[in-house]
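Numbering (my numbering), first residue to last: 243 to 387.
Yeah, the Cβ is synthetic: ideal placement off N, Cα and C, and Gly gets one too.
For reference, the structure discussed in these notes is given below.
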């Protein structure tokens with residue numbers, strides 16, 4: 243009932259945080275060298291990753307664009323892993339043992355985000371079939387003779 247009265251932008255932000263939290267929690271269970279000591283560090287990791295993805299990641303991608311193009315997009319995964327490692331150094335209770343663990347964790351988070359985002363996107367509008375409707379005489383940019 244509360245969600246019905248919530249601002250759609252805020253609801254979307256909360257949903258993205260939940261999806262990110264699921265991805266980070268899943269990564270800590272699947273990837274050796276990643277661990278999280280509880281719900282509070284997980285929440286801090288989600289907030290920091292969201293902030294870094296919104297502010298720092300676009301700048302890094304801009305500066306690393308030639309590298310990203312030369313590696314056919316693989317450089318994006320390296321940037322994500324660097325941000326994952328940065329968060330691991332900043333948050334007490336969230337441990338990233340190595341760059342390989344950060345890379346694996348960022349891949350799990352990306353895959354989780356991709357899969358769960360597919361369920362929250364609205365379906366595309368139906369495509370119109372058949373000939374276009376007749377235009378009204380004198381109502382368009384075409385000169386009627």
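Beta carbon of residue 291 nearer than 9 Å to that of residue 338 = Taking the chain shown and counting its residues from 1, the one referred to as residue 291 is at position 49. Taking the chain shown and counting its residues from 1, the one referred to as residue 338 is at position 96. No, they are not a contact pair.
Specify, as a first and last residue, the run of the beta strand (DSSP E) that residue 318 falls within.
-> Translated into positions along the chain shown, residue 318 becomes position 76. Looking at the DSSP string, residue 318 is not in any beta strand (DSSP E); the run it does join, the alpha helix (DSSP H), is 316-332.
What residues match up with residue 297 in a beta bridge as DSSP calls it?
-> As a first step, residue 297 is located in the chain shown; it is residue number 55 there, counting from the start. DSSP links residue 297 through a beta bridge to no other residue.
8 Å contact criterion, which residue 336 and residue 287 should meet: CB distance rounded | Locating residue 336 in the chain shown gives position 94, counting from the first residue. Locating residue 287 in the chain shown gives position 45, counting from the first residue. Between residue 336 and residue 287 a beta carbon distance of about 5 Å is seen, short of the 8 Å cut, so the two are scored as contacting.
Can we say the stretch 339-349 touches the stretch 320-327, given the rule of at least three CB pairs closer than 8 Å?
-> The stretch 339-349 is in contact with the stretch 320-327.
Kindly list the residues whose CB is nearer than 8 Å to the CB of residue 282, restricted to its own chain and excluding five residues on each side of it in sequence; keep chain order.
-> Taking the chain shown and counting its residues from 1, one reaches residue 282 at position 40. Answer for residue 282: 335, listed in chain order.
With DSSP collapsed to three states, give me the class of residue 277.
-> Translated into positions along the chain shown, residue 277 becomes position 35. Three-state DSSP puts residue 277 in a strand.
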